[in-house]
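Colleague: Attaching a single structure in structure tokens format; questions to follow.
Protein chains in written order, with the working numbering: chain X, -7 to 333; chain S, 2 to 409.
Listed below in structure tokens is the structure:
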């Protein structure tokens, strides 16, 4: 039910009305992106270390949320599998550092590649499904990956339940940042903010493109698209892989920052939390999942005494489903329209 | 309904905006505190408040509280009062790290204690240099923390698994039973313990017939117990702690496992706070004992008296080891004459001091505190069940040489 609600909000939004207006929208959008990018880069100069730590966490989790939102908005697919790409990339990075002895940059690339490859493999298996089937398949495959990771026989590789400490050599550097710098949220911030901002623009552009329109056609009526001569499998797979790539980027950068990965990153709780965060923020808008993730990270830090976080996420989800269909951003968007009218 | 939507949305938007203000506004509290003379020694405690290890978390804090009250009553450490900053975690390393970051960057903590599990400790170790804080680890026992996961800013107060296993290896030959089964928690603690025990058992002429691992927070041990029954073992080495240990012992009793085994040797499994829950069925169980509550020295007697007076029960290894962690930190501060983490770290290297477990030394090469380990047996005493100390082994016998993986 949420799927259709979320989709319904956007269908009217994303389709440009005329070409001219579309061009103007493009310029405005890109301008806004440049301003946002610059404003974000200035953040470490005004915020303290603690706030920067939260911001960096939110941005790291924002990348998979962006992917989840993209799939939901353009294909109406709700995924519980993005922890798999996030986690595989994080472990990929860790394994490249600890087993292959690679430097941080090639290891990040390897992590992203590993996560994206898993997205491709999983995508071939799941994108034909829709709705509940898709949800359950992504969940099942990501949980299979979790189980694989904690197997006793994989202890030398993944550390199983102990997790993997990723000790970068003190003489290595990533874009000029030493391993100690990478753990300073203020210095690390550009490393995650730039990919997030670029990812946001990428997702926005893809959504506006012909490809995005094709995806929306598939979302609205897959059968009719096929009858009209469209290949519906390849676009869906491509969208899934793009979404998985964003999550992988988040995972590899997360491991780079944390210097430690544990199976939590692949767990069901994390999968559920990131989906709930995205829904609370609003799956129907571009920035909705990011808003939800930022709120979630803030809640994790502020409201988590005695591990009550899930009480609050549960309440937030109920409030959103009952009173704010379309999430926080979706509701704000509706309000804005009402005001304009 | 239509009217409630905008109202609720506006309310939510306002609260979000307020929240954002709240998180960026109150940043001035993290003032630097190492300058002035009587500036407090700020210690963050981050125990789990939920899950299998919550009880231990709460008890660990008690050890720090006794230590803080004691030194504050005596005018502080080197003139600095001690301030405890209490945080909690759900035991997941990400939450623990977040709490640690908050304690350091917002509350100005420079020292961290009370972190419970090996995973949390490993994750924290990776961040300590960036945080500029020292951690004192009084519960996580995995040897990796003084091996490949060791860092200069972390000090290992509790004995490692290997130290405790080595302490009971000598007594192993006299324990009844020749065919041993190993039931362990699927964490590095369980794996190191199982590996070291296998070596010690084989050296003592025993045979290992089964070895199995259950994840932490396992509640149903049925399938594991069935395998234990089928294994034909006549002795059991069990590494299950906290709520898992209780579940395992209780379910094993329901399946009548106790009649099968001539010896049950627990490792970090049976401890004083669980005696009343576990019941008389555990009489005769062996277990490693990290701390001897009846140790005959002044410092221990003072600690036991203060703890018993405040909490109405005698301390056991978790509060005692956390108290010892505090003593270690204070000894370092005394010697350094400073509360700057770097000075304290340097002062602690190879520092020998008198403590509630006798004279101890912080080994500079891997930051392992050299202290004795004990083997105990559960016996019926006046006030119910108690540990009888069967054997004690000094650190010189139990502690392996520093791991070559640890480069400080």
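C-beta: ideal position from N, C-alpha, C; glycine also. Quick caveat: nothing in here was measured; it's all calculated off a predicted structure.
Please classify residue 328(X) as buried or exposed, where buried requires at least 16 other C-beta atoms within 10 Å of its C-beta.
Modeller: The residue you call residue 328(X) lines up with position 336 of the first chain. Exposed: under 16 other Cβ atoms inside 10 Å.
Colleague: Which stretch, first to last residue, makes up the beta strand (DSSP E) that contains residue 114(S)?
Modeller: Working through the second chain from its first residue, we reach residue 114(S) at position 113. It spans 112 to 114 - the beta strand (DSSP E) in which residue 114(S) sits, taken as one unbroken run.
Colleague: Would you list the residues sitting across from residue 90(S) in a DSSP beta bridge?
Modeller: Numbered from 1 along the second chain, position 89 holds the residue referred to as residue 90(S). For residue 90(S), which the question treats as bridged, DSSP gives the partners 49(S).
Colleague: I want to verify the contact list: residues of chain X whose CB lies under 9 Å from the CB of residue 56(S), in sequence order.
Modeller: The count along the second chain starts at 1 and reaches residue 56(S) at position 55. Correct list: empty, because the minimum Cβ distance to chain X is about 14 Å.
Colleague: Do you know offhand how far residue 168(S)'s Cα is from residue 268(S)'s?
Modeller: As a first step, residue 168(S) is located in the second chain; it is residue number 167 there, counting from the start. As a first step, residue 268(S) is located in the second chain; it is residue number 267 there, counting from the start. Approximately 12 Å between the Cα atoms of the pair.
Colleague: Mapping DSSP to helix, strand and coil, what is residue 308(S)?
Modeller: Taking the second chain and counting its residues from 1, one reaches residue 308(S) at position 307. Correct three-state label for residue 308(S): helix.
Colleague: Going by beta carbon distance, what residues of the same chain come within less than 6 Å of residue 365(S), once the five residues before and after it are set aside?
Modeller: Counted from its first residue, the second chain places residue 365(S) at position 364. Counting only Cβ-Cβ distances below 6 Å, and skipping sequence neighbours, we find 350, 351.
Colleague: Can you tell me the Cβ-Cβ gap for residue 123(S) and residue 326(S), rounded? I've got them flagged as a contact below 8 Å.
Modeller: On the second chain, position 122 is the one that residue 123(S) refers to. On the second chain, position 325 is the one that residue 326(S) refers to. Not really, about 17 Å apart at Cβ, beyond 8 Å.
Colleague: Just to confirm, are residue 264(X) and residue 323(X) a CB contact at a threshold of 9 Å?
Modeller: Mapped onto the first chain, residue 264(X) falls at position 272. Mapped onto the first chain, residue 323(X) falls at position 331. Result no, Cβ atoms of residue 264(X) and residue 323(X) do not sit closer than 9 Å.
Colleague: Using a Cβ-Cβ cut-off of 9 Å, state whether residue 159(X) counts as contacting chain S.
Modeller: Indexing the first chain from 1 puts residue 159(X) at position 167. Yes - at least one Cβ of chain S is within 9 Å of the one on residue 159(X).
Colleague: Taking 9 Å as the cut-off, decide whether the C-beta atoms of residue 171(S) and residue 341(S) are in contact.
Modeller: If you number the second chain from 1, residue 171(S) lands on position 170. If you number the second chain from 1, residue 341(S) lands on position 340. Going by C-beta atoms, residue 171(S) is not nearer than 9 Å to residue 341(S).
Colleague: Please specify which runs of the beta strand (DSSP E), each continuous and at least 3 residues long, are wholly inside the stretch 16 to 77 of chain X, giving them in chain order.
Modeller: If we require 3 residues or more, the stretch 16 to 77 of chain X turns out to have no beta strand (DSSP E) run fully inside it.
Colleague: Leaving aside the five residues before and after residue 110(S) along the sequence, list all residues of the same chain whose C-beta is less than 7 Å from its C-beta, in chain order.
Modeller: Position 109 of the second chain, counted from the first residue, corresponds to residue 110(S). 43, 44, 45, 86, 104, 134, listed in sequence order.
Colleague: Would you list, in sequence order, the uninterrupted beta strand (DSSP E) runs of no fewer than 3 residues that lie entirely inside the stretch 310 to 368 of chain S?
Modeller: Taking only runs of at least 3 residues, the beta strand (DSSP E) segments lying wholly in the stretch 310 to 368 of chain S are 353 to 356, 359 to 363.
Colleague: Can you give, in chain order, each stretch of the alpha helix (DSSP H) that sits fully within the stretch 231 to 280 of chain X and has at least 4 residues?
Modeller: You should have 260 to 273.
Colleague: Quick one: complete beta strand (DSSP E) runs, 3+ long, within the stretch 177 to 255 of chain S?
Modeller: For the stretch 177 to 255 of chain S, whole beta strand (DSSP E) runs of length 3 or above, ordered along the chain, are 180 to 186, 208 to 215, 236 to 240.
Colleague: Note the first and the last residue of the continuous beta strand (DSSP E) segment covering residue 408(S).
Modeller: As a first step, residue 408(S) must be located in the second chain, where it is residue number 407. Per DSSP, residue 408(S) belongs to no beta strand (DSSP E) and is neither H nor E.
Colleague: Out of 116(X), 88(X), 96(X), 135(X), which has the shortest C-alpha to C-alpha gap to residue 106(X)?
Modeller: Within the first chain, numbered from 1, the residue matching residue 106(X) stands at position 114. Of 116(X), 88(X), 96(X), 135(X), the residue nearest in Cα terms is 88(X).
Colleague: What are the residues in the stretch 184 to 197 of chain S lying within 8 Å of chain X by C-beta distance?
Modeller: The stretch 184 to 197 of chain S vs chain X, Cβ under 8 Å: 187, 188, 189, 192.
Colleague: For residue 232(S) and chain X, any beta-carbon pair shorter than 9 Å?
Modeller: Reading the second chain from its first residue, position 231 is the one you call residue 232(S). So no, residue 232(S) is outside the interface.
Colleague: Just to make sure I have the definition right: I need the residues of chain X whose C-beta is within less than 9 Å of the C-beta of residue 222(S). Which are they?
Modeller: In the second chain, counting from the first residue as 1, residue 222(S) sits at position 221. Ordered by position in chain X, no residue passes the 9 Å Cβ test against residue 222(S), which lies about 17 Å from the chain.
Colleague: Would you mind reading off the limits of the beta strand (DSSP E) that contains residue 290(S)?
Modeller: For the purposes of this step, residue 290(S) is identified with residue 289 of the second chain, where counting begins at 1. Segment 287 to 290, the beta strand (DSSP E) holding residue 290(S).
Colleague: Using a Cβ-Cβ cut-off of 7 Å (strictly less than) and excluding sequence neighbours within five positions of residue 50(X), which residues of its own chain qualify?
Modeller: Here residue 50(X) is taken as the residue at index 58 of the first chain, counted from 1. Counting only Cβ-Cβ distances below 7 Å, and skipping sequence neighbours, we find 285, 286, 289.
Colleague: Quick one, which of 260(X), 271(X), 270(X) has its alpha-carbon nearest residue 136(X)'s?
Modeller: Within the first chain, numbered from 1, the residue matching residue 136(X) stands at position 144. Comparing Cα-Cα distances from residue 136(X) to each of 260(X), 271(X), 270(X), the minimum goes to 260(X).
Colleague: Quick check on the DSSP output: what are the complete alpha helix (DSSP H) runs of length 4 or more inside the stretch 94 to 138 of chain S, in order along the chain?
Modeller: Counting whole runs of 4 or more residues, the stretch 94 to 138 of chain S contains the alpha helix (DSSP H) stretches 94 to 106, 119 to 132.
Colleague: Nearest-angstrom Cα distance between residue 24(X) and residue 279(X)?
Modeller: As a position in the first chain, residue 24(X) is number 32, starting the count at 1. As a position in the first chain, residue 279(X) is number 287, starting the count at 1. The alpha-carbon atoms of residue 24(X) and residue 279(X) are separated by roughly 13 Å.
Colleague: Can you check which of these residues, 164(S), 311(S), 213(S), 343(S), is closest to residue 227(S) by C-alpha distance?
Modeller: To locate residue 227(S), count along the second chain from 1; it is residue 226. When only C-alpha atoms are compared, the closest one is 213(S).
Colleague: When you compare each of 252(S), 320(S), 275(S) to residue 158(S) by their alpha carbons, which one comes out closest?
Modeller: Within the second chain, the letter at position 157 stands for residue 158(S). Answer by Cα proximity: 320(S).
Colleague: Which residues mark the beginning and the end of the alpha helix (DSSP H) in which residue 204(X) is found?
Modeller: As a first step, residue 204(X) is located in the first chain; it is residue number 212 there, counting from the start. That run of the alpha helix (DSSP H) goes 202 to 212.
Colleague: According to DSSP, is residue 31(S) helix, strand or coil?
Modeller: Along the second chain, read from residue 1 onward, the residue named residue 31(S) stands at position 30. Per-residue confidence for residue 31(S) stands at a pLDDT of 38, beneath the threshold of 50, marking its modelled position as unreliable; the derived number appears in the next sentence. Residue state, collapsed to three classes: coil.
Colleague: Residues in the same chain with beta-carbon distance under 6 Å from residue 131(X), minus the five sequence neighbours each way, listed in chain order, please.
Modeller: Mapped onto the first chain, residue 131(X) falls at position 139. Excluding sequence neighbours, residue 131(X) sits near 72.
Colleague: Does the beta-carbon of residue 328(X), which I'm using as the reference point, lie nearer than 8 Å to any heavy atom of the ligand ZN?
Modeller: Looking at this structure, you won't find the ligand ZN or any other ligand, since it has none at all.
Colleague: Under a three-way DSSP split, which group does residue 275(S) fall into?
Modeller: Taking the second chain and counting its residues from 1, the one referred to as residue 275(S) is at position 274. Residue 275(S): helix per DSSP, three-state reduction.
Colleague: Rounded to the nearest angstrom, how far is the Cβ of residue 257(X) from that of residue 82(X), given a contact under 8 Å?
Modeller: Taking the first residue of the first chain as 1, we reach residue 257(X) at position 265. Taking the first residue of the first chain as 1, we reach residue 82(X) at position 90. The pair is a contact, with the Cβ atoms about 5 Å apart (cut-off 8 Å).
Colleague: Along the chain, which unbroken stretches of the alpha helix (DSSP H) at least 4 residues long are found entirely within the stretch 124 to 198 of chain X?
Modeller: List check, alpha helix (DSSP H) in window: 147 to 150, 171 to 174.
Colleague: Roughly how many angstroms separate the alpha carbons of residue 2(X) and residue 69(X), rounded to a whole number?
Modeller: On the first chain, residue 2(X) is found 10 positions in, with the first residue counted as 1. On the first chain, residue 69(X) is found 77 positions in, with the first residue counted as 1. Its pLDDT being 46, under 50, residue 2(X) is placed unreliably in this model, and the coordinates cannot settle the point.
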